[in-house]
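Engineer: Below is one structure. I have some questions about it.
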Amino acid sequence: MKDSRIAASHGEISNMAYQSVSSQSVSSLTTAFVDIADTMVANYDPIDLAHRLAGHCASLLDVAAAGLLLTDGQGNLGLLASSNEQARVVELFQLQTERQGPCLECFHTEAPVTAVDLSRWRHKWPGFVAEAQRQGFNTVHALPLRLREEIIGALNLFRTGTTPLSIGDLMLGQALADIATIAILHARALERSETVVEQLQGALNSRVIIEQAKGALSIRGQIKVDEAFEHLRSYARDHNLLLSRLARDVINDPDLARVVLGHPIRTA
Amino acid sequence: VSWRTHIVVHQATGALVAHLGISTAEAMARLRAYAFGNSRPLEVVAREVMNGESDLIRELE
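Protein chains in written order, with this note's numbering: chain W, 1 to 268; chain A, 269 to 329.
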């Protein structure tokens, strides 16, 4: 099978990107960058920013779902944020951290991976392809999150169709991945003088706490975990709270949990 | 904590904290002990907690 990794000269890419991005809605791009810049000003939460970025990827690029996977600096990958917190989608991202898939390959080869028409990739990643197709995804891109010469994770993009993203969308995706890398590491570096590995593990720990909070809220409110997450995120935004701090507090505070569950979900 | 642990295990940990008013460390330990004691995969037990299987939750008290 032909390896469809992206290979084009830089000039070629810039030209194609120019044509493609110019047709992109400028106002939605502006909105996304203003939102990201707003978030990165002071005391911000890398995991909240990662979620926003995943959401922007899904709305700006022609993809159905986007996820950010991060290394712990010891060879393992963990899911940091996803544009869609439905349990099945989250598990599809996580499956790749454990066994196989384009994201794991991107991480190991340190290069973008494009898998167009997943049915042709079944021999390579049988478990991943079966589950992705069951969920209606047929094309996958994985773009590296790079810190200088090092790769610290991957941005995973799922499409329903059997065609690749345009070069312009891929470049924009890579730009969003680069912002994510800077944002995730910079936030923690500012706060504490941590090593890169400590920063990575700190970000992944926040994700664990958010999962615990989702579990606690979902059981208390008798709602699905993705809905629990939306309540949590909406409450944090409307009260200017750090998502990871609120998550930690809500796990064993029944009164706070009640308030968060009663808070309306923001759609924006 | 480990980010290699399946997320449903983390969710079930939070759910047990909410149900039983115990710490996250204690909740995780009870899940692991129950799974080990019954020779069942941790993920499967966690999924049952998240599905609100009340008999299981009572046993974890």
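Just so it is clear, CB atoms sit at the ideal spot from N, CA and C, and this is done for glycine as well.
Remember, predicted model here, so these are calculated numbers, not experimental data.
Between which two residues does the alpha helix (DSSP H) carrying R258(W) extend?
Structural biologist: Taking the first sequence and counting its residues from 1, the one referred to as residue 258(W) is at position 258. R258(W) -> alpha helix (DSSP H) spans P254 to G262.
Engineer: The alpha helix (DSSP H) that contains S27(W), what's its start and end?
Structural biologist: Here residue 27(W) corresponds to residue number 27 of the first sequence, with the count starting at 1. Residues V26 to T39.
Engineer: Give me, in chain order, the residues of the same chain whose beta-carbon lies closer than 7 Å to that of G161(W); leave out the 5 immediate sequence neighbours on both sides.
Structural biologist: Counting from one through the first sequence, the residue named residue 161(W) turns up at place 161. Cβ neighbours of G161(W) beyond the five flanking positions: N138 and T139.
Engineer: Residues of chain W with CB under 7 Å from V313(A), in chain order?
Structural biologist: The sequence position of residue 313(A) within the second sequence is 45, counting from 1. Those do not exist, as V313(A) stays about 13 Å from chain W at its closest Cβ, beyond 7 Å.
Engineer: Determine whether the beta carbon atoms of V250(W) and G73(W) lie at a separation below 8 Å.
Structural biologist: Sequence index remark: in the first sequence, residue 250(W) carries index 250 (1-based). Sequence index remark: in the first sequence, residue 73(W) carries index 73 (1-based). It is not a contact, given that the beta carbons lie outside the stated cut-off.
Engineer: Applying the criterion that 16 or more other CB atoms from any shown protein chain within 10 Å of the CB defines a buried residue, is A81(W) buried or exposed?
Structural biologist: On the first sequence, position 81 is the one that residue 81(W) refers to. Classification for A81(W): buried.
Engineer: Could you check whether the Cβ of N43(W) sits closer than 8 Å to any Cβ belonging to chain A?
Structural biologist: By 1-based counting over the first sequence, the position of residue 43(W) is 43. Chain A contact via Cβ: absent.
Engineer: Which of the three DSSP states is assigned to S83(W) in this structure?
Structural biologist: As a first step, residue 83(W) must be located in the first sequence, where it is residue number 83. It is coil, neither helix nor strand.
Engineer: If contact is defined by three or more beta carbon pairs under 8 Å, each pair taking one atom from either stretch, is the segment 102 to 117 of chain W in contact with the segment 140 to 150 of chain W?
Structural biologist: As far as the Cβ criterion goes, the segment 140 to 150 of chain W touches the segment 102 to 117 of chain W, which means the pair count is three or higher.
Engineer: With distances taken from CA atoms, which of D255(W), F229(W), Q199(W) and G202(W) is nearest I210(W)?
Structural biologist: Here the question's residue 210(W) lines up with position 210 in the first sequence. Here the closest residue by C-alpha is F229(W).
Engineer: Inspect the beta-carbon positions of I219(W) and H278(A) and report whether they are closer than 8 Å.
Structural biologist: Translated into the one-based positions of the first sequence, residue 219(W) becomes position 219. Translated into the one-based positions of the second sequence, residue 278(A) becomes position 10. No, the pair does not count as a contact, with Cβ atoms beyond the cut-off.
Engineer: Cα separation between T30(W) and A314(A)?
Structural biologist: What you label residue 30(W) is simply residue 30 of the first sequence in a count that begins at 1. What you label residue 314(A) is simply residue 46 of the second sequence in a count that begins at 1. Rounded to the nearest angstrom, the two C-alpha atoms are 42 Å apart.
Engineer: Below 9 Å on C-beta distance, what does N240(W) contact in chain A?
Structural biologist: Counting from one through the first sequence, the residue named residue 240(W) turns up at place 240. The premise fails here: N240(W) is roughly 23 Å from chain A at the closest Cβ pair, so nothing lies under 9 Å.
Engineer: Going along the chain, which residues of the segment 242 to 260 of chain W sit with their C-beta nearer than 8 Å to a C-beta in chain A?
Structural biologist: Within the segment 242 to 260 of chain W, the qualifying residues are I251, N252, P254 and A257.
Engineer: Can you check whether the CB of L204(W) is closer than 8 Å to the CB of G55(W)?
Structural biologist: Position 55 of the first sequence holds residue 55(W). Position 204 of the first sequence holds residue 204(W). Going by C-beta atoms, G55(W) is not nearer than 8 Å to L204(W).
Engineer: In this structure, how does DSSP classify G78(W) when only helix, strand and coil are distinguished?
Structural biologist: Taking the first residue of the first sequence as position 1, residue 78(W) is located at position 78. DSSP places G78(W) in strand when its eight states are reduced to three.
Engineer: Measure from the C-beta of A297(A) to each C-beta in chain W and report whether the shortest distance is under 8 Å.
Structural biologist: Position 29 of the second sequence, counted from the first residue, corresponds to residue 297(A). By this cut-off, A297(A) is not an interface position.
Engineer: Hey, would you say L165(W) sits closer than 8 Å to C57(W), going by beta carbons?
Structural biologist: Sequence index remark: in the first sequence, residue 165(W) carries index 165 (1-based). Sequence index remark: in the first sequence, residue 57(W) carries index 57 (1-based). Contact flag unset, no.
Engineer: Name the two residues that bound the continuous beta strand (DSSP E) containing N156(W).
Structural biologist: Position 156 of the first sequence, counting from 1, holds the residue named residue 156(W). From DSSP, the beta strand (DSSP E) with N156(W) extends over E150 to R159.
Engineer: Using 8 Å as the threshold, is the C-beta distance between N43(W) and R272(A) below it?
Structural biologist: Mapped onto the first sequence, residue 43(W) falls at position 43. Mapped onto the second sequence, residue 272(A) falls at position 4. Result no, Cβ atoms of N43(W) and R272(A) do not sit closer than 8 Å.
Engineer: For N252(W), which residues of its own chain have a beta-carbon under 8 Å away from its beta-carbon, when the five flanking residues on both sides are left out?
Structural biologist: For the purposes of this step, residue 252(W) is taken as the residue at position 252 of the first sequence. Closer than 8 Å at the Cβ level, and outside the excluded window around N252(W), lie A216.
Engineer: Going by C-alpha to C-alpha distance, which of E85(W), V41(W) and S25(W) sits closest to R207(W)?
Structural biologist: Within the first sequence, the letter at position 207 stands for residue 207(W). Taking only the C-alpha atoms, the option nearest R207(W) is E85(W).
Engineer: Sorted by chain position, which residues of the same chain lie with C-beta nearer than 8 Å to N319(A)'s C-beta, five sequence neighbours on each side aside?
Structural biologist: What you label residue 319(A) is simply residue 51 of the second sequence in a count that begins at 1. Around N319(A): no qualifying Cβ.
Engineer: Please tell me whether S206(W) has its Cβ less than 8 Å away from any Cβ of chain A.
Structural biologist: The sequence position of residue 206(W) within the first sequence is 206, counting from 1. S206(W) does not count as touching chain A.
Engineer: Helix or strand or just coil, what does DSSP make of G67(W)?
Structural biologist: Taking the first residue of the first sequence as position 1, residue 67(W) is located at position 67. DSSP places G67(W) in strand when its eight states are reduced to three.
Engineer: Indicate the three-state DSSP secondary structure (helix, strand or coil) for L147(W) in the structure shown.
Structural biologist: Residue 147(W) sits at position 147 when you count from the first residue of the first sequence. Three-state result, L147(W): strand.
Engineer: Would you mind sorting F304(A) into buried or exposed? The rule is 16 or more other CB atoms within 10 Å of its CB.
Structural biologist: Locating residue 304(A) in the second sequence gives position 36, where the first residue counts as 1. F304(A) comes out exposed.
Engineer: Could you tell me whether any Cβ in chain W is nearer than 8 Å to the Cβ of R272(A)?
Structural biologist: Mapped onto the second sequence, residue 272(A) falls at position 4. Chain W contact via Cβ: present.
Engineer: According to the Cβ coordinates, are A213(W) and G289(A) closer than 8 Å?
Structural biologist: In the first sequence, residue 213(W) corresponds to position 213, counting from 1. In the second sequence, residue 289(A) corresponds to position 21, counting from 1. For A213(W) and G289(A), no; Cβs fall outside 8 Å.
Engineer: Kindly indicate if chain W contains any beta-carbon less than 8 Å away from that of A293(A).
Structural biologist: By one-based count along the second sequence, residue 293(A) stands at place 25. So no, A293(A) is outside the interface.
Engineer: 8 Å is my cut-off, CB to CB: does N156(W) come that close to chain A?
Structural biologist: If you number the first sequence from 1, residue 156(W) lands on position 156. No, N156(W) does not count as interfacial toward chain A.
Engineer: If we ignore side chains and look at the alpha-carbon of each, how far apart do I167(W) and D226(W) end up?
Structural biologist: On the first sequence, position 167 is the one that residue 167(W) refers to. On the first sequence, position 226 is the one that residue 226(W) refers to. The straight-line gap from Cα to Cα measures roughly 32 Å.
Engineer: Beta carbon of G202(W), beta carbon of L68(W): below 8 Å?
Structural biologist: Within the first sequence, residue 202(W) is the residue found at index 202, counting from 1. Within the first sequence, residue 68(W) is the residue found at index 68, counting from 1. No, the Cβ-Cβ distance between G202(W) and L68(W) is not below 8 Å.
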